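Notes follow once the structure below has been shown.
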């Protein structure tokens, strides 16, 4: 993934699980969540139930998002890390990473 860009049409706060599940649509086949520990959550002022990192699984690709504090500004915001094809090494790397995530909604490929 080549850097990140701000997500301007999401809330300026962590998502709820219901909001994250609502990202499931005709294009998104599954929503995967990372359950971070308290130390990570404290850095962005997030409660235990707040969603601060997720991967949207599409038919041909993955999209990764995180709610993170800017090292320069300190304010947290949602970042889009772009689209990774499911094919090849990049897709395999994301699939291995998703082993530590949980599926919130949808039907991931291969399950």
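Residue numbers (our numbering): 45 to 155.
We put the CB at the ideal spot given by N, CA and C, even for glycine.
Please read all numbers here as calculations on a predicted model, not as lab measurements.
Asked: Straight-line gap, residue 145 to residue 77 (C-alpha atoms, nearest Å); Found: 5 Å
Asked: Sequence-distant residues of its chain with Cβ nearer than 8 Å to residue 119 (five each side left out); Found: 113
Asked: Rounded separation between residue 45 and residue 69 - CA only; Found: Caution applies to residue 45, whose pLDDT of 49 falls short of 50 and renders its modelled position unreliable; the model cannot decide the point.
Asked: CB of residue 106 within 8 Å of CB of residue 128, strictly; Found: yes
Asked: Beta carbon of residue 57 nearer than 8 Å to that of residue 153; Found: no
Asked: C-beta contact flag for residue 90 and residue 148 at 8 Å; Found: no
Asked: Contiguous alpha helix (DSSP H) assignments of at least 4 residues, all confined to the stretch 71 to 144; Found: 82 to 87 and 132 to 141
Asked: Residue burial classification, residue 103 (beta-carbon count within 10 angstroms, cutoff 16); Found: exposed
Asked: Distance, residue 125 Cα to residue 51 Cα; Found: 10 Å
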